[in-house]
Amino acid sequence: MASVRILNGPNRNQIYILKGGELVGRDPTNPIQVFAPGVSRKHFRFEVEGPRVYVQDLGSSNGTYINNQKISKHLLAEADQITVGGINLLFSNDNRAPLPGGGRPPLNFSSEEVPLGAFGLNPGGGPGGFGASPGPAGGPGFAATPAPAQARDDQNATGVIMRDDDEDEANAADYSIDASMVFHSSALLKNNAEAEALQKRLSLLFEISQDMGSESSLQAMIDKMLTKLLAVFPQADRGFVLIGDTVEDLKPMAVQTRNDDAGEAQMSKTIARLVMEEKQGILSQNAMEDDRFSGGMSIVNLKILSMACAPLLYRDEVFGLIELDTQSRSKFTHDDLSLLTGIAVQAAVFVKNLRLFENVAKEAEARANLQRYFSPALAAQVAGGEIDIKLGGDMKTGTVFFSDIIGFTSMSENMSPTDIVDKINRYMKYMVDIVFKYQGSVDKFIGDCIMAVWGAPVAIPDEAVNAVTAAVEMQNALFLFNGELYAEQAKPIHMGIGLNSGKFVAGNMGSERRMEYTVIGDDVNLAQRVESKAGRGMVLITQSTYERSDNKLLVAKLKPVGLKGKAKPVVTFSVRGIQQESSSGGRVFMTSLPCAIGGWREENCKRGLLVKVKILGPGKALGLILFHDRPEPVGPMELEFYAPEMPNHTLTFEAQGAVRIQAKHGCCLKGVFTYSGSPLEDLFDKLVYISENSPETVPRGQTPA
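Using the working numbering, the first residue of the sequence shown is number 408, and each one after it goes up by one.
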């Protein structure tokens, strides 16, 4: 017959027969009522399925634990211990006959079989904290209230001295416990008087737990903890906390004494090593006569009669230790060490959480910095250590991008510094988002210039196609951004873009104190030289980028141009579109072709940008055109195309209606046009228009947008 027995708390030793469906919690209507602050009103439920008995947690705040492991649903086995809010219940599925009036004969526990957590503390420092009920009116207290702890003048705890001892003393201890167990079986309460005294102590310890939940400073938490520890342990004359991951790393964090005459806090390095490395709490009930401290050591000089020391232990990690000692005849007991160890576990959880928060904050800051230059996915890889960004460089193959605001100096002459920064930051946000969208990395900002790279720090497929696609989309996005500026009666921004593909060195350049991830090499310089020749609204690329773009580009091939540092003229291409995937079939291009209604030179013309084209048949296409102001009425309209590397020409655009766009200003019209006999015929059908111009014959600062 399945049953459960409550091992501690107000209902200690009550036995309940399990038939299935029994609710356990603080609610008086529950078949099994458990009283403790960490217990929810309906904490968990027993479920019986044939011979199997399960525990099902009901979404409790502090969790349900089986043998110190948090569970949601668990199949119980004989002698499994259930812990909720510090209350322990023992499960049994034996066949002993129940006693009259319910219940069964008690299980025969020896003193070594008393389950963990007999004092209502959550074993291992898990959720639930201390399961102590508040003390009587007036607050918890003792028969003889100790004098309040006084912080020493050296509150920074510089007075803690680690004393070297002989290594053969390591196993000499009156009493020790495995600190991960928190409580030893010998701490079982023997009578109601002991239970009442412990209840008062646990109330104060519960306050310590609450302090840990409200503090964010390690120093403040430890100071409060020591003050209350000296209140909990009236026999303690001195308490101190050392923080460190190893004995050699231990540093004094805080020292508190009952009077200023208690002397300097000293401890045995051998004891510290045993506590830290063996993860054990140590108790010495008569340190003056202990062989470990013979030879005129400091403990003898300070007349320390009893001491208790516990590690700050979180799972397998030790963060330091707490020691209490006394010069009086009142000794620390086994129960005292158990309680001190429980507090040390709570302190260790605080230290662990604090370190986790600090690490998360550092990682968040590092990732935020990385995301300013790398796409979010790439930044996550770098932050996670999947990509090693170290001092030095590697040879990479990729595509380098430069963009520059044309006429920025003259534009900013009549603007305040604040307005310039605001305008540039808004512009940069649009552009950088597009770089990241196509898996690029921002190398640096050079004033109003953006330098980006595809293929470093990691290689990506079709890096040239991604880079050119980003460049075309950036010119289109700039058209919409200028619509915002026109609405604000601000001057528009015009941009030229240059790209080159090849080999370059990529890596962190600089020193250990100041490093910058960048790319250098002749092919990087060539990209910048090409950008310097790009006019307004142009995306200018080299032969190498064109060849790496898998025959997907709509380009005007320009005549060779001389560039600084190059012995021979360089062939460049003006990109006016790029082929995209189409689910409906046919050829679809993202384009960036300037056009206007009413002649682009006219002051009142309506400027537009052909941004998407779907080829419907020979010489005929469906297009999307962006306008700053919607043309009226919608219908046939004469569009003049004026890309500077091609002859101006006029086509009839049969507008069919508007298409919604995600932009604050502007509109988009859909319509059909015939391009036969125009320069667009070579562009759309052959993908290459052979231009009579070179970058030198297209005035960079005068090219219309």
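A virtual CB, placed ideally from N, CA and C, is assigned to each residue, including glycine.
{"Check": "Under the three-state DSSP convention, the category residue 749 falls into", "Outcome": "helix"}
{"Check": "Neighbourhood of residue 452 by C-beta, 8 Å cutoff - its chain only, sequence neighbours within 5 removed", "Outcome": "428, 429, 430, 431, 462, 463 and 465"}
{"Check": "Beta-carbon spacing of residue 714, residue 750 below 9 Å", "Outcome": "no"}
{"Check": "Straight-line gap, residue 1091 to residue 871 (C-alpha atoms, nearest Å)", "Outcome": "20 Å"}
{"Check": "Cβ pair count under 8 Å reaching 3, the stretch 911-918 against the stretch 1087-1102", "Outcome": "no"}
{"Check": "As assigned by DSSP and simplified to three states, the class of residue 926", "Outcome": "strand"}
{"Check": "Residue 618 at chain D interface by Cβ criterion, 9 Å", "Outcome": "Absent here is chain D; the protein component of the structure consists of one chain."}
{"Check": "Straight-line Cα distance separating residue 1104 from residue 997", "Outcome": "26 Å"}
{"Check": "Residue(s) in a DSSP beta bridge with residue 861", "Outcome": "806"}
{"Check": "Where residue 853 falls, given that 16 or more other Cβ within 10 Å makes a residue buried", "Outcome": "exposed"}
{"Check": "Rounded separation between residue 633 and residue 771 - CA only", "Outcome": "33 Å"}
{"Check": "Cβ pair residue 927, residue 800 closer than 9 Å", "Outcome": "yes"}
{"Check": "6 Å CB neighbourhood of residue 885 in its chain, flanking five on each side removed", "Outcome": "902"}
{"Check": "Option in 1087, 475 and 1023 with minimal Cα separation from residue 1048", "Outcome": "1087"}
{"Check": "Cβ distance (whole Å) where residue 934 is taken to contact residue 905 below 8 Å", "Outcome": "6 Å"}
{"Check": "Element boundaries [alpha helix (DSSP H), containing residue 892]", "Outcome": "870-894"}
{"Check": "Through-space distance from residue 495 to residue 470, alpha-carbon basis", "Outcome": "13 Å"}
{"Check": "Residue 741 in three-state terms, based on DSSP", "Outcome": "helix"}
{"Check": "Beta-carbon spacing of residue 1011, residue 951 below 9 Å", "Outcome": "no"}
{"Check": "Element boundaries [beta strand (DSSP E), containing residue 848]", "Outcome": "848-853"}
{"Check": "Between the CA atoms of residue 816 and residue 909 - distance to the nearest angstrom", "Outcome": "31 Å"}
{"Check": "For residue 976, the nearest candidate out of 949, 1081, 685 and 1018 (CA to CA)", "Outcome": "949"}
{"Check": "Distance CB(residue 742)-CB(residue 686) smaller than 9 Å", "Outcome": "no"}
{"Check": "Residues near residue 433 by beta carbon distance below 6 Å, same chain, minus five either side", "Outcome": "446 and 448"}
{"Check": "Enclosing beta strand (DSSP E) for residue 910 [first to last residue]", "Outcome": "902-917"}
{"Check": "Helix, strand or coil at residue 397 according to DSSP, with G and I counted as helix", "Outcome": "Residue coverage of the chain in this structure runs from 408 to 1112, which leaves residue 397 outside it and unanswerable."}
{"Check": "Environment of residue 1001 [buried if 16+ CB atoms lie within 10 Å]", "Outcome": "buried"}
{"Check": "Near the ligand SAH: residue 823 beta-carbon under 8 Å from a heavy atom", "Outcome": "As far as ligands go, the structure on display features none, and thus does not contain the ligand SAH."}
{"Check": "Cα-Cα separation, residue 932 to residue 899", "Outcome": "28 Å"}
{"Check": "Residues near residue 1072 by beta carbon distance below 8 Å, same chain, minus five either side", "Outcome": "887, 890, 891, 893, 894 and 1035"}
{"Check": "Within 9 Å, strictly: CB atoms of residue 966 and residue 936", "Outcome": "no"}
{"Check": "Stretch-stretch touch, CB-based, cutoff 8 Å, three pairs: the stretch 800-815 with the stretch 846-865", "Outcome": "yes"}
{"Check": "Local conformation of residue 1089 per DSSP, three classes", "Outcome": "helix"}
{"Check": "Same chain only: Cβ atoms within 8 Å of residue 1089, ignoring 5 sequence neighbours per side", "Outcome": "1095, 1096 and 1097"}
{"Check": "Residue 628 and residue 754 closer than 9 Å at C-beta", "Outcome": "yes"}
{"Check": "Span of the alpha helix (DSSP H), counted from its first residue to its last, around residue 954", "Outcome": "950-954"}
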